[in-house]
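Each residue of the sequence shown is one higher than the one before, counting from 227 in my numbering. Glycine included, every Cβ here is placed at the ideal spot set by N, Cα and C. Since we're looking at a predicted model, the values are computed, not measured. A short write-up of the structure that comes next.
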Amino acid sequence: MTQRQIARVLKTSRKTVERKFRFLAAQARLTHQQFLQALVRSNNKFDLIQFDEMETFERSKCLPVSIPLIVEPKTRKILAIGACSMPAKGLLAAISVKKYGPRRDERVECAQRVFKQVDPVLAPAACIFTDQNPKYPAWINTHSSTLISATTKGRRGCVVGQGELKGGGFDPLFSLNHSCAMIRAHVSRLFRRTWNTTKQIDRLEDHLYIYLNYHNQVLTR
227 MTQRQIARVL KTSRKTVERK FRFLAAQARL THQQFLQALV RSNNKFDLIQ
277 FDEMETFERS KCLPVSIPLI VEPKTRKILA IGACSMPAKG LLAAISVKKY
327 GPRRDERVEC AQRVFKQVDP VLAPAACIFT DQNPKYPAWI NTHSSTLISA
377 TTKGRRGCVV GQGELKGGGF DPLFSLNHSC AMIRAHVSRL FRRTWNTTKQ
427 IDRLEDHLYI YLNYHNQVLT R
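Okay, here's the thing in structure tokens:
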């Protein structure tokens, strides 16, 4: 449900819904920080995590957005998430530059922020399991020389435009891909409909943190 529809159903103004949304996002960030701190106090260190990116867009498919996230495979808890701009690829690249100008690629900086979030809960020589994106090992090594990067061949999605949903058979990244599919199913900004798409990346990240707490505390408890 969109914020506009929430305001219509509750018979309030859209600005009120927006303020409450931002308040909930701030509380969600605080709750997730406390969740990670509780893991640190319990000395619960993870020796294996999974990392990948989802993709969506803001306003137009010519303005793509990357959503890096880290998942603990045994519990399917989402340990870290972010959102940042990235340049368009393929046939849309030239159209994007012509219409909107060069688009900044913030994926490296955003990935480093995501890795930094989980540093306190990782074992000294933890393994980060990813698909075979050639950029990921360099991102991991840039962050820490002690982390081990392991890759597996990514599988083709069974639904066009939704790479998180895989066909039948064994999926080495099942926990991460399943979590990504759940994010896309629950976060209305990722529905790929123009009336739902995010207009600001920071609001998308707010929405993701609200879902993250619901995912960790309700869906995977």
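{"Check": "Quick check: what's the CA-CA separation for F249 versus K425?", "Outcome": "18 Å"}
{"Check": "Given a threshold of 16 other Cβ atoms within 10 Å of its Cβ, counted over all protein chains shown, does M280 qualify as buried or as exposed?", "Outcome": "buried"}
{"Check": "Could you check where the alpha helix (DSSP H) with K342 kicks off and where it finishes?", "Outcome": "333-344"}
{"Check": "Output the boundary residues of the beta strand (DSSP E) element that contains K303.", "Outcome": "303-307"}
{"Check": "Mapping the DSSP letters down to three states, classify R278 as helix, strand or coil.", "Outcome": "Note that residue 278 is Asp in the sequence shown, not Arg. Of the three classes helix, strand and coil, the one that applies to D278 here is strand, per DSSP."}
{"Check": "Name the DSSP bridge partner or partners of S286?", "Outcome": "Beta-bridge pairing links S286 to no other residue."}
{"Check": "Report buried or exposed for G308, applying the criterion of at least 16 other Cβ atoms within 10 angstroms of its Cβ.", "Outcome": "buried"}
{"Check": "Quick check: the stretch 350-359 against the stretch 263-282, are at least 3 beta-carbon pairs closer than 8 Å?", "Outcome": "yes"}
{"Check": "Return the first residue and the last residue of the beta strand (DSSP E) that S375 is part of.", "Outcome": "374-377"}
{"Check": "Mapping the DSSP letters down to three states, classify P294 as helix, strand or coil.", "Outcome": "strand"}
{"Check": "Kindly list the residues whose CB is nearer than 6 Å to the CB of R302, restricted to its own chain and excluding five residues on each side of it in sequence; keep chain order.", "Outcome": "S401, S405, T446"}
{"Check": "I need the boundaries of the beta strand (DSSP E) containing F355, first residue and last residue.", "Outcome": "348-356"}
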